[in-house]
Amino acid sequence: MNEEIISIGVYGMGGVGKTAIITHIHNQLLETFDHVYWVTVSQESNVRKLQNNIAKAVRLDLSDKQDERQRAAKLNRELKKKLKFVLILDDMWKDIPLEDVGIPVGVNAGKVIVTSRSLEVCRRMNCKPNIKVKPLPKGEAWELFMEKFGRETVLAPEVEKIAESIANECAGLPLAIITTARSMRGVDDICEWRNALNDLRELTRGLIDMEGEVFNLLKFSYDRLNDEKLQQCLLYCALFPEDYNIQREYLIMCWIAEGLVDEMKTRQAEFDRGHALLNKLENVCLLERPTSADGKLCIKMHDVIRDMALNIARVNPQFMVKAGVQLMQLPDERGWSENLDRVSFMHNNIEGRLPYISPKCPKLRTMMLQSNGIKEIPNLFFVYMQNLEVLDLSQNKSIKRLPDSISNLEKLRALLLNGCQNLMSIPSLAKLTELRELDLEHTKIKELPHGTEKLANLKRLDLPLAYGTAFVFPSGVLSKLFRLQSLRFVLFTDDLHVEEISRLKQMEVLVVHFYNFHTLNSYVKTQHWQRLDHYSLQTVSRHFPTPEEEVHCCREVHMNECNLIEGEGPLVLPTNIQELNIYAFHDLASLSDFSSLKNARELEKCCIQSCKGIKHLWSWSIPSLEEEPEWCTETTISFLQSLKTLMLLSLPKLSVIFNFKGVGVGRAPPKCRTFSNLKFFRVGDCPNLKYVFQREMVQHHLQNLEEIQVYECSNMEDIIVAEQEEKQEEIVAAKEEDSNSIITCPKLQNLELINLPKLKSIWRGTMVCHSLQQIDVRRCLMLRRLPFSPHLNVDAQPSATLLTPKKISGEEDWWNCLEWDHPDTKSAFQPFFCTIVKVELRVDMDLNDHKTRERAEKTAQRISDNFSIDSWAKQMVVIGEVDPKVFLRKFRKYHPAEIMHVGAANWA
1 MNEEIISIGV YGMGGVGKTA IITHIHNQLL ETFDHVYWVT VSQESNVRKL QNNIAKAVRL
61 DLSDKQDERQ RAAKLNRELK KKLKFVLILD DMWKDIPLED VGIPVGVNAG KVIVTSRSLE
121 VCRRMNCKPN IKVKPLPKGE AWELFMEKFG RETVLAPEVE KIAESIANEC AGLPLAIITT
181 ARSMRGVDDI CEWRNALNDL RELTRGLIDM EGEVFNLLKF SYDRLNDEKL QQCLLYCALF
241 PEDYNIQREY LIMCWIAEGL VDEMKTRQAE FDRGHALLNK LENVCLLERP TSADGKLCIK
301 MHDVIRDMAL NIARVNPQFM VKAGVQLMQL PDERGWSENL DRVSFMHNNI EGRLPYISPK
361 CPKLRTMMLQ SNGIKEIPNL FFVYMQNLEV LDLSQNKSIK RLPDSISNLE KLRALLLNGC
421 QNLMSIPSLA KLTELRELDL EHTKIKELPH GTEKLANLKR LDLPLAYGTA FVFPSGVLSK
481 LFRLQSLRFV LFTDDLHVEE ISRLKQMEVL VVHFYNFHTL NSYVKTQHWQ RLDHYSLQTV
541 SRHFPTPEEE VHCCREVHMN ECNLIEGEGP LVLPTNIQEL NIYAFHDLAS LSDFSSLKNA
601 RELEKCCIQS CKGIKHLWSW SIPSLEEEPE WCTETTISFL QSLKTLMLLS LPKLSVIFNF
661 KGVGVGRAPP KCRTFSNLKF FRVGDCPNLK YVFQREMVQH HLQNLEEIQV YECSNMEDII
721 VAEQEEKQEE IVAAKEEDSN SIITCPKLQN LELINLPKLK SIWRGTMVCH SLQQIDVRRC
781 LMLRRLPFSP HLNVDAQPSA TLLTPKKISG EEDWWNCLEW DHPDTKSAFQ PFFCTIVKVE
841 LRVDMDLNDH KTRERAEKTA QRISDNFSID SWAKQMVVIG EVDPKVFLRK FRKYHPAEIM
901 HVGAANWA
C-alpha cells in the first residue's frame with residue numbers, strides 16, 4: 001500500500017459488490033500487515049457506537065469512559081501502539097470525523113478504507129482516492145448468471161435467449177444476478193421463463209431511483225419463493241441487527257413457536273424441517289452462511305436484502321425493528337401500531353425501568369427484548385398483547401422479577417429468560433397452557449414457577465444450573481409434563497425421579513445430574529435412554545461442566561467422584577454411548593471391569609482423569625497365539641474400533657496402557673483390529689508409566705493415529721517399545737532388534753512430547769511418517785535421537801523426494817545435542833526447526849464473568865502448563881515455553897471478544 005495514501009474510499013450502489021471486493025483486499029492485507037481490523041457500520045451508527053465497534057475489534061475496554069472525548073483519546077492511544085494498522089469501515093452511511101472517533105491516521109500511523117453507497121460520504125471523510133465500483137458489463141453479468149444458475153444445465157436456444165434478457169434486467173448488480181439466477185434453478189419450461197421475465201420487467205418498469213430498482217430486483221427472488229411460510233421465515237431474519245450472525249437453532253426454535261414450522265411427531269423432525277427451510281433460502285442466496293468463531297451454525301442476511309425485507313414488512317406483516325441501534329428507551333405509546341405483528345428491540349442500551357406505557361398491540365406475536373439492561377417491567381406493559389406467542393427477555397442481567405401480567409398471556413408459546421442472572425421469581429404460569437418452550441437457564445430461580453404442572457403442552461424445559469448444585473424437581477410434577485421432549489439441568493436425587501422420567505415417552509434430549517452412583521445405575525437399567533437422540537448423564541460432583549461441555553457430544557456419560565457400593569453390582573452403561581468421561585473414580589482398576597462396554601459400539605471419545613486405582617486401560621488374556629483373546633469377540637472389537645479420541649490424565653498407578661497376558665507376551669493378535677479408528681491420543685501426569693505403545697499395537701492397530709501428546713510423565717523412557725520387557729536379560733537383545741526395525745505411521749500428523757525428563761527414545765528403530773506436520777519437544781533433555789527418516793516412503797522404500805515435517809519446535813540446546821543416523825537428515829530437518837523460548841504473556845481481559853474465566857483457564861491449559869489468573873487485575877499471566885504468536889492465535893480463536901490487550905516479554 002502506498003505510504004502517501006492515508007484513506008481510500010470505495011463507493012457504489014447497494015448490491016454492486018463493494019463488500020466482496022474489500023473482503024478480497026482484506027485477506028491480502030493480512031499477509032503483509034500485522035494489524036488489520038474490519039468494522040461493519042450500520043445505518044444508525046454514530047461516534048459512540050463506532051468507538052465501541054472499533055474497541056471490540058482491537059480488544060479494548062472502553063466501559064470505564066463515558067465522555068466521547070476521553071473514549072477517543074483512549075482509543076487513539078491503543079491504536080497508536082499498533083504502529084501501522086489498516087482499519088476497514090464497511091458500509092458507512094454518513095460521514096463521521098475520524099478524529100472524533102479517535103482514529104489516528106497518517107504516514108506513520110494507520111490507514112483507513114471506507115466503503116459507502118455515497119461518494120459524498122467518502123469525500124467528507126477525506127478519502128483519496130475514491131474508487132467507484134460499477135455494475136458488471138453484460139458479458140460478465142451473463143457469465144455470473146450462468147455460474148450461479150449452473151453451467152452443467154444446458155438450456156434450449158430459445159430459453160437461453162430469455163435467460164440472457166433476465167440477466168440484463170438485473171442491471172449488472174451481482175447481488176441481484178446471483179439471487180435471480182439461483183431462484184431460476186431447476187426451471188426448464190419456456191413458459192415459466194417468459195413469465196419470470198415479464199414479472200421482472202413489471203417490477204422495474206418506470207423506476208428512476210436505482211435503489212428502488214435494486215429492491216424490486218431482489219423482491220423478484222422473494223416472490224419466486226412461492227411459499228408464504230418460507231417468505232415469512234425470510235422476513236423473520238430481518239428482526240435481528242444488521243450484519244448479525246443469527247444462530248440457526250435459535251431461529252428455528254422461534255419459527256416452531258410461531259407455527260412457521262408445522263408441528264411434527266418429534267422435535268428433531270421439526271428442526272430438520274427448519275434446517276431444510278434455511279437451506280432453501282441459502283440456496284437462492286437470500287441468506288448467507290458466515291464463519292462463526294465459536295463453531296455454532298449461523299446464518300446472515302445481506303444488508304440490502306434486509307432492507308428489502310424491512311420494506312416489505314412495513315405493510316403486511318407489520319414489523320417494528322430497532323435492533324442493535326443503541327436505543328436508550330422504548331418508543332412512547334404513539335410509536336406503537338395496533339397492526340404490529342413482530343417487534344424487535346434486541347441488543348440495545350435500554351436500561352432501568354421500562355416506561356409506564358400499555359401499548360395496544362392485539363395482533364403482536366413476537367416481542368424481542370433480549371440483551372439489554374432492563375431492570376423492571378411495569379405490570380401494564382403486556383396487558384394489551386393478548387396474542388403474544390414469543391417473548392424473549394434473555395440476557396437482561398439486572399431484572400429481578402417479571403410483571404404479573406405475564407400470567408395472562410394465554411397464547412404464549414415461548415418464554416425465554418436465559419441469562420437473566422438476577423431473576424429470582426416469575427409469576428404463575430398456570431394459564432399458559434399453550435407454552436412449548438420455557439428457558440430458565442442461568443437465572444437465580446430456585447424452585448419451579450407456580451403452575452408448571454399445568455403446562456401439558458410444554459416440550460422444552462431448561463432449568464437453572466447453579467454452581468455446585470442443580471435444580472431439584474418436586475416429585476409428581478415431571479410425570480404431568482407428558483409431552484416434554486427436552487429437559488436440561490435437573491438433579492435426580494432418588495429412584496422416584498428415575499421412575500417419573502422413565503414414563504416420559506416423547507423425551508428426546510436429556511441433560512441430568514444424578515445424586516449418586518446408585519441413581520445413575522437405576523436410570524440406565526430402565527432403558528429409557530434408548531429413545532433419546534441426545535443425552536448427558538452425570539453424577540454429581542463439586543464441578544459442573546458448562547452447558548457447552550454438557551451438550552458437546554450427542555450421547556455422553558460423566559462419572560465424577562464415584563464410589564462403588566458393596567452389593568451394588570457392575571455399572572451398566574448405555575450401549576449407544578458416544579463419549580465417556582471418568583473423573584476421580586478411585587475404585588476403578590481398568591475399563592475391562594465394565595463388562596457393559598463390550599456392547600458400546602458407538603463410543604468415540606474416552607477420557608479418564610484422576611483415578612487413583614487405574615493400573616491399566618484394557619487387559620487381554622491370550623491362551624495361545626492361535627486362539628482369539630478374551631475381549632476379542634465381535635462385539636468387543638466393534639467397541640474398540642469405534643474409539644477416535646483417548647485421553648489418560650493424572651493416573652498415578654497406571655503402569656501399562658494395553659495389558660496382554662499369556663503366550664506371546666506383549667503382542668496383540670494382528671487379526672484383532674482394536675483401536676483401528678483411534679486418531680487422537682493424549683497421556684499426561686502418569687508417573688508410573690514407562691512407555692506408551694508396543695510395536696505390535698502401532699503396526700497393526702493404530703494406523704489411523706493422527707496426533708500423539710505425552711506430557712509430565714516423570715518415569716517415561718520410551719514412546720514405543722518392542723514388547724513388554726519383563727526380564728532384564730532380554731532388554732539388550734530386544735533393543736538390538738528394535739534398532740533394525742521400521743515402523744510406519746501413515747497418518748501421524750502431530751507429535752507433542754512435553755517435560756519427560758527420562759525419555760530416551762521415541763522408537764529405537766526407524767519411523768516412516770509421511771503425513772507428519774509438526775514435532776514439538778520440550779524439556780526432554782535425555783532424548784538424543786529423532787527416529788523419523790525423510791528418505792523412505794510409506795512402503796519403507798527409498799523416496800524420490802524428501803519427506804519432512806513442516807515444523808519442529810524445541811529448545812536450541814536440545815536440538816544441537818541430537819545425534820543423527822544420517823548426516824543429511826539434520827540438514828533436511830534444519831529449515832523447519834523453530835526455537836521455543838520462555839516467554840511471559842500478559843493478557844488483559846474481562847475475567848469477572850465466571851464462564852469467561854473458566855473458558856480462559858481451559859484455553860490456557862491447552863497451550864501452556866504454567867499460567868495464573870488475577871481476576872482483580874482482569875489479567876491472565878502465562879509463563880512458559882510457548883511460541884507467543886501461536887499462543888495468541890489459538891487464544892483469540894476461543895476469545896475473540898474478551899481480550900483487551902496483550903503484552904509480552906522475551907518474544908521469539
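Under UniProt numbering, residues 1 to 908 are what the sequence shown spells out, in order. All C-beta atoms, glycine included, are put in the ideal place defined by N, C-alpha and C.
Where does V590 sit, in a helix, a strand or coil, going by DSSP? Reading the sequence shown from its first residue, position 590 is the one you call residue 590. The amino acid at residue 590 is misidentified as Val; the sequence shows Ser. In the displayed model, S590 falls within coil according to three-state DSSP, outside both helix and strand.
Tell me whether K111 sits in a helix, a strand or coil according to DSSP, three-state version. Here residue 111 corresponds to residue number 111 of the sequence shown, with the count starting at 1. Judged by DSSP in its simplified three-state form, K111 adopts strand.
Grab the span of the beta strand (DSSP E) containing N750 for me, first residue to last. Locating residue 750 in the sequence shown gives position 750, counting from the first residue. N750 to I754 is the span of the beta strand (DSSP E), which, as asked, contains N750.
Since residue 928 is in the alpha helix (DSSP H), which residue starts that stretch and which ends it? What is shown of the chain runs 1 to 908, which leaves residue 928 out entirely.
Quick one: Cα of M146 to Cα of D303, how far? For this step, residue 146 is matched to residue 146 along the sequence shown. For this step, residue 303 is matched to residue 303 along the sequence shown. When the Cα atoms are used, M146 and D303 turn out to be separated by approximately 24 angstroms.
Under the rule that 16 or more other beta-carbon atoms within 10 Å means buried, what is Q527, buried or exposed? As a working mapping, residue 527 is identified with position 527 in the sequence shown. Label assigned to Q527: exposed.
Simplified DSSP state of S407, which is helix, strand or coil: Position 407 of the sequence shown holds residue 407. S407 falls in the helix class under three-state DSSP.
Using 10 angstroms around the beta-carbon of R185, count the other beta-carbons present and answer buried if the total reaches 16, otherwise exposed. Walking along the sequence shown from the start, residue 185 turns up at place 185. Counting every other CB atom within 10 Å of its CB across the protein chains shown gives R185 a total below 16, marking it as exposed.
Going straight from the alpha carbon of I608 to that of H770, what length do you get? The sequence position of residue 608 within the sequence shown is 608, counting from 1. The sequence position of residue 770 within the sequence shown is 770, counting from 1. So the two alpha carbons sit approximately 31 angstroms from each other.
Can you check which of these residues, I577, T766 and D439, is closest to R601 by C-alpha distance? The residue given as residue 601 occupies position 601 in the sequence shown. Selected option, being the one with the closest Cα: I577.
Looking only at its own chain, which residues have a Cβ that is under 7 angstroms from the Cβ of L200, when we skip the five neighbours before and after it? Stepping through the sequence shown from its first residue, residue 200 is reached at position 200. Same-chain partners within the cutoff: I166, E169 and F220.
Do C127 and G9 have their CB atoms nearer than 8 angstroms? Within the sequence shown, numbered from 1, the residue matching residue 127 stands at position 127. Within the sequence shown, numbered from 1, the residue matching residue 9 stands at position 9. In this structure, G9 lies closer than 8 angstroms to C127 by Cβ.
Can you give the Cα-Cα distance for T32 and V383, rounded to whole angstroms? In the sequence shown, the residue the question calls residue 32 occupies position 32. In the sequence shown, the residue the question calls residue 383 occupies position 383. In a straight line, the C-alpha of T32 is about 59 angstroms away from that of V383.
Would you tell me roughly how many angstroms separate the C-alpha atoms of I743 and Y711, rounded to the nearest one? Numbered from 1 along the sequence shown, position 743 holds the residue referred to as residue 743. Numbered from 1 along the sequence shown, position 711 holds the residue referred to as residue 711. Answer to the nearest angstrom: the Cα atoms are 22 angstroms apart.
Following the continuous beta strand (DSSP E) through Y583, name the residue where it begins and the one where it ends. Position 583 of the sequence shown holds residue 583. From DSSP, the beta strand (DSSP E) with Y583 extends over E579 to Y583.
Three or more C-beta pairs under 8 angstroms: does that hold for the region 584-597 against the region 610-619? Contact between the region 584-597 and the region 610-619 is present, because at least three Cβ pairs lie under 8 angstroms.
Residue of G684, Q749 and E707 minimising C-alpha distance to L756: Residue mapping note: residue 756 aligns to position 756 of the sequence shown, counting from 1. Looking from the CA of L756, the closest CA among G684, Q749 and E707 belongs to G684.
Rank T266, L818, L417 and S596 by C-alpha distance to the C-alpha of K760 and give the top, closest one. As a working mapping, residue 760 is identified with position 760 in the sequence shown. For the residues T266, L818, L417 and S596, the minimum Cα distance to K760 belongs to L818.
Other residues of its chain near F149: CB distance less than 8 angstroms, five sequence neighbours each side excluded: Against the sequence shown, residue 149 aligns to sequence position 149. Shown here for F149: same chain residues with a beta carbon closer than 8 angstroms to its own, the five before and five after excluded, namely A163, A181, R182, M184 and R185 in chain order.
Going by the CB atoms, is the gap between P474 and L448 shorter than 8 angstroms? The residue labelled residue 448 in the question sits at position 448 within the sequence shown. The residue labelled residue 474 in the question sits at position 474 within the sequence shown. Contact: yes.
Between K605, R695 and I720, which lies nearest to L678 when the distance is taken from Cα to Cα? To locate residue 678, count along the sequence shown from 1; it is residue 678. If we check each option's Cα against that of L678, K605 comes out closest.
Are the beta-carbon atoms of L217 and L173 separated by less than 8 angstroms? Locating residue 217 in the sequence shown gives position 217, where the first residue counts as 1. Locating residue 173 in the sequence shown gives position 173, where the first residue counts as 1. L217 places its beta carbon less than 8 angstroms from that of L173.
Going by beta-carbon coordinates alone, are K653 and M716 separated by less than 8 angstroms? Position 653 of the sequence shown, counted from the first residue, corresponds to residue 653. Position 716 of the sequence shown, counted from the first residue, corresponds to residue 716. Cβ atoms of K653 and M716: not closer than 8 angstroms.
Taking 7 angstroms as the line, does the beta carbon of S394 fall inside it for any heavy atom of the ligand HEM? Annotation note on the ligand HEM: not contained in the displayed structure, which lists no ligands.
Inter-residue Cα distance where the pair is S596 and G476: One-based indexing of the sequence shown puts residue 596 at position 596. One-based indexing of the sequence shown puts residue 476 at position 476. Cα-Cα distance, rounded: 32 angstroms.
Going by the DSSP bridge assignment, what does N130 pair with across the sheet? Here residue 130 refers to the residue found at position 130 of the sequence shown. Residue pairing by DSSP puts N130 in a beta bridge opposite G9.
Could you tell me the boundaries of the alpha helix (DSSP H) in which I312 lies? By 1-based counting over the sequence shown, the position of residue 312 is 312. Residues D303 to I312.
Could you tell me the boundaries of the beta strand (DSSP E) in which D34 lies? For the purposes of this step, residue 34 is taken as residue 34 along the sequence shown, with counting starting at 1. Here D34 belongs to no beta strand (DSSP E), and DSSP marks it neither H nor E.
For I5, count neighbouring Cβ atoms within 10 angstroms of its own Cβ and tell me buried if that reaches 16, exposed if not. As a working mapping, residue 5 is identified with position 5 in the sequence shown. With fewer than 16 other Cβ atoms within 10 Å, it is exposed.
So, with DSSP's three-state summary, where would you put G274? Taking the first residue of the sequence shown as 1, we reach residue 274 at position 274. G274 sits in a helix when the DSSP states are folded into three classes.
Please look up how many angstroms separate the CB atoms of residue 909 and P403, rounded, as I've assumed it's under 8 angstroms. Here the chain covers residues 1 to 908 and nothing more, so residue 909 does not appear.
Using a Cβ distance threshold of 8 angstroms, determine whether the region 424-433 contacts the region 452-459, with at least three qualifying pairs required. Three or more pairs of CB atoms, one per stretch, sit closer than 8 angstroms, so the region 424-433 contacts the region 452-459.
Thinking L417 and L388 are a contact (beta carbons under 8 angstroms), I'd like their distance in whole angstroms, please. Your numbering for residue 417 matches position 417 in the sequence shown. Your numbering for residue 388 matches position 388 in the sequence shown. That pair is no contact at about 15 angstroms.
Thinking M125 and D95 are a contact (beta carbons under 8 angstroms), I'd like their distance in whole angstroms, please. Position 125 of the sequence shown, counted from the start, is the residue given in the question as residue 125. Position 95 of the sequence shown, counted from the start, is the residue given in the question as residue 95. Indeed they touch by this definition, with Cβ atoms about 5 angstroms apart.
Taking I742 as part of the alpha helix (DSSP H), name the residues at either end of that continuous run. As a first step, residue 742 is located in the sequence shown; it is residue number 742 there, counting from the start. No alpha helix (DSSP H) contains I742, which is instead part of the beta strand (DSSP E) from I742 to T744.
Rounded straight-line distance, which links the Cα of L251 to that of R353: As a position in the sequence shown, residue 353 is number 353, starting the count at 1. As a position in the sequence shown, residue 251 is number 251, starting the count at 1. For R353 and L251, the distance between alpha carbons rounds to 28 angstroms.
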